[in-house]
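Asks: The listed protein sequences derive, respectively, from chains R and L. Counting in numbering that gives the first Met the number 0, the first sequence runs from 0 upward without gaps. Counting in numbering that gives the first Met the number 0, the second sequence runs from 0 upward without gaps.
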Amino acid sequence: MALWGMVIDLDRCTGCQACVVACKAENNVPPVGAKEAVRGRIISWMQVLTEEDEEHDGEVKRFVPRPCLQCDDPPCTKVCPVYATYRNPEGIVAQIYARCIGCRFCMAACPYNAKYFNWHRYQKEAPGQNPDVSLRPKGVVEKCTFCHHRLQKARERALAERRELAPGEYVTACAEVCPARAIVFGDLSDPGSEVHRLARSPRAFRLLEALGTKPKVIYLSEGEGRG
Amino acid sequence: MKWVGVIGVVAVALLTWGFWWGEPAVKQPIEYPHKTHVEQLKLPCTGCHQRAEKDNVAGRPPTALCLACHAGGETKSEEVKKIRAFGEKGQEIPWKRVWRLPSHVFFSHRTHVAVANVKCQTCHGPMETLARPPARPLKTLAMNNCIGCHEQWERPNEKGAGVVKTGARHVSTDCNTCHH
Ligand code: SF4
Ligand code: SF4
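1. Between which two residues does the beta strand (DSSP E) containing L219 of chain R stretch?
2. Would you say K105 of chain L reaches chain R, if we count a Cβ-Cβ gap shorter than 8 Å as a contact?
3. Can you pull the chain L neighbours of A159 of chain R, defined as C-beta to C-beta under 7 Å?
4. In the DSSP assignment, find the unbroken alpha helix (DSSP H) run with F104 of chain R in it and report its ends.
5. Kindly indicate if chain L contains any beta-carbon less than 8 Å away from that of E155 of chain R.
6. Spell out a yes or no on whether the stretch 74-83 of chain R and the stretch 96-107 of chain R are touching, meaning 3 or more CB-CB pairs, one atom from each, closer than 8 Å.
7. Measure the Cβ-Cβ separation of V92 of chain R and F116 of chain R and say whether it is below 8 Å.
8. Closer than 6 Å between the C-beta and any heavy atom of ligand 2: which residues qualify, listed along the chain?
9. So, for A227 of chain R: in the same chain, excluding its five sequence neighbours on each side, which residues have a beta-carbon less than 7 Å away from its beta-carbon?
10. Starting from the beta carbon of Y96 of chain R, find every residue of chain L whose beta carbon is closer than 7 Å, and list them in chain order.
11. Tell me which residue opens and which closes the beta strand (DSSP E) that V6 of chain R is part of.
12. Quick check on this structure: which residue in R:K34, R:D10 and R:E50 has the alpha carbon closest to the alpha carbon of E58 of chain R?
13. Classify I6 of chain L as buried or exposed, calling it buried when 16 or more other Cβ atoms lie within 10 Å of its own Cβ.
14. Is the beta carbon of I227 of chain R within less than 7 Å of some heavy atom of ligand 1?
15. Going along chain R in order, which residues have a C-beta closer than 8 Å to the C-beta of H48 of chain L?
16. Of the choices L:H179, L:W2 and L:V25, whose alpha-carbon is the least far from that of Q94 of chain R?
17. I want to verify the contact list: residues of chain L whose CB lies under 7 Å from the CB of V140 of chain R, in sequence order.
18. When every heavy atom of ligand 1 is checked, does at least one fall within less than 7 Å of the C-beta of I100 of chain R?
19. Does the beta-carbon of P214 of chain R have 16 or more other beta-carbons within 10 angstroms, so that it is buried, or is it exposed?
20. Where N27 of chain R and A33 of chain R are concerned, what is the direct C-alpha to C-alpha distance, given to the nearest angstrom?
21. Taking 7 Å as the cut-off, is the CB of R103 of chain R close to at least one heavy atom of ligand 1?
22. For the beta strand (DSSP E) holding E87 of chain L, just list the boundary residues, first then last.
23. Going by other Cβ atoms of all chains shown within 10 Å of its Cβ, with 16 needed for buried, is Q151 of chain L buried or exposed?
24. Does DSSP put H103 of chain L in a helix, in a strand, or in coil?
Listed below in structure tokens is the structure:
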């Protein structure tokens with residue numbers, strides 16, 4: 000059984016935000032409008048966080064693209080009273096909108112602020128949306144799903160052609176679009192995969208590792224730094 | 000006076016019950032008889048719904064496919080004349096969609112028809128008995144209908160009682176398999 004994971008090389012990330020835009024387009028992530036935005040209700044499954052440089056005042060030290068980290072021991076799923084968010088057998092932390100009652104316990108439990116609430120029904124079905132991703136109704140929580148609809152499609156294709164899923168057949172939109180190739184996606188349990196190799200790099204670290212959430216989004220720190 | 004009002008509201012609610020809560024009836028452009036084609040002529044469902052074995056959706060037949068049989072010769076049938084009229088104008092028959100799964104469901108006809116060999120009637124009901132197009136789906140599908148097969152790796156026997164094994168392939172019941 001696969002264990003899907005992602006490696007993000009902070010040395011390569013230029014902060015261009017192509018991943019942010021690709022994610023929004025791929026997953027029908029709604030614009031919430033100016034009024035909602037000032038209330039802090041912006042929805043962005045992928046977000047490029049910035050860290051300031053203490054030594055160089057007012058400069059950005061690094062960009063940290065932050066999707067849902069798909070924790071292998073996720074705190075968010077443990078508090079859901081209705082099993083609307085859960086860790087699936089392949090390690091994807093799923094979000095089942097039709098089941099969610101909107102209590103937002105999971106949002107409070109996520110240490111990475113990776114979950115978002117739909118305060119309104121932000122969009123109607125319209126041309127230009129991705130038909131493979133459903134629109135979220137009002138009152139449910141959403142987050143990055145590792146583009147699992149792409150896995151559904153890839154697996155369906157493999158099944159019809161009576162073969163196994165090939166490596167590289169399923170990647171997330173952010174990994175696909177990154178012009179700097181800073182995001183690598185794949186099967187962490189496959190010893191031949193690039194993510195498996197990179198995750199073992201001495202530069203590898205995980206966000207808030209001490210919490211024991213075991214994120215499956217693994218970062219590679221900057222090699223050289225700046226003088 | 001108050002009571003008259005209350006009774007009036009209740010009466011209107013009862014009279015319009017089905018109207019407001021039922022699904023609207025679908026009227027097809029052609030009075031297509033499934034019975035003639037499937038039961039009498041023994042055509043397979045996938046003969047007309049050709050995308051069922053290749054695609055996520057089963058699809059409705061294009062005009063050219065109907066005309067492959069109905070183009071030549073004299074006809075008394077008004078319906079066949081209508082098809083020919085669509086053909087002459089180079090138009091597709093504006094078939095209306097009857098079956099619709101919720102938009103958050105990922106369902107592939109290809110997997111179910113070509114890989115799992117589930118009979119169309121398992122989900123769609125006895126379509127071969129219809130002399131007219133159905134105004135509504137013959138069955139109301141709920142998630143339990145999907146889970147029923149997936150959990151047991153078997154499907155209900157369309158002839159009534161009992162189940163048929165769909166084979167040893169593991170059928171996933173993970174929510175993410177179908178929900179997106
Ligand atoms: S908001 Fe939805 S997914 Fe989150 S804990 Fe509540 S019911 Fe579960
Ligand atoms: S990053 Fe947050 S939302 Fe994602 S799995 Fe971990 S706790 Fe849950």
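Backbone N, C-alpha and C define an ideal beta-carbon position, used for all residues, glycine too.
Replies: According to the data block:
1. Start and end: V216 to L219.
2. Checking the displayed sequence, the identity of residue 105 of chain L turns out to be Phe instead of Lys. Between F105 of chain L and chain R, the shortest Cβ-Cβ separation is below 8 Å.
3. Neighbours of A159 of chain R on chain L, chain order: R109, T110, A113 and V114.
4. Counting along the chain, F104 of chain R sits inside the alpha helix (DSSP H) bounded by residues F104 to A108.
5. Judged by the 8 Å Cβ criterion, E155 of chain R is in contact with chain L.
6. A contact exists between the stretch 74-83 of chain R and the stretch 96-107 of chain R.
7. Result no, Cβ atoms of V92 of chain R and F116 of chain R do not sit closer than 8 Å.
8. Those residues are R:C67, R:L68, R:Q69, R:C70, R:P73, R:P74, R:C75, R:V92, R:C109, R:Y111, R:A113, R:K114, R:K142 and R:T212, given in chain order.
9. There is no way to answer for residue 227 of chain R, as the model of chain R reaches only from 0 to 226.
10. Think of a sphere of 7 Å around the beta carbon of Y96 of chain R: the chain L residues whose beta carbon falls inside it are H103, in chain order.
11. Counted as a single uninterrupted DSSP element, the beta strand (DSSP E) harbouring V6 of chain R occupies residues W3 to D8.
12. When only C-alpha atoms are compared, the closest one is R:E50.
13. Exposed: under 16 other Cβ atoms inside 10 Å.
14. This structure does not reach residue 227 of chain R, given that chain R is present from 0 up to 226, and the question cannot be answered.
15. In chain order: nothing, as chain R lies at least about 17 Å away.
16. Each of L:H179, L:W2 and L:V25 was checked against the Cα of Q94 of chain R, and the nearest Cα belongs to L:H179.
17. Neighbours of V140 of chain R on chain L: none; closest Cβ ~14 Å, over 7 Å.
18. True, at least one ligand heavy atom lies under 7 Å from that Cβ.
19. By the Cβ neighbour-count rule, P214 of chain R is buried, with 16 or more other Cβ atoms within 10 Å of its own.
20. If I take the Cα positions, the gap works out to 18 Å.
21. Yes, the Cβ of R103 of chain R comes within 7 Å of a heavy atom of ligand 1.
22. Run containing E87 of chain L: none in the beta strand (DSSP E); it sits in the alpha helix (DSSP H), E77 to E87.
23. Exposed is the label assigned to Q151 of chain L, since fewer than 16 other Cβ atoms lie within 10 Å of its Cβ.
24. Correct three-state label for H103 of chain L: coil.
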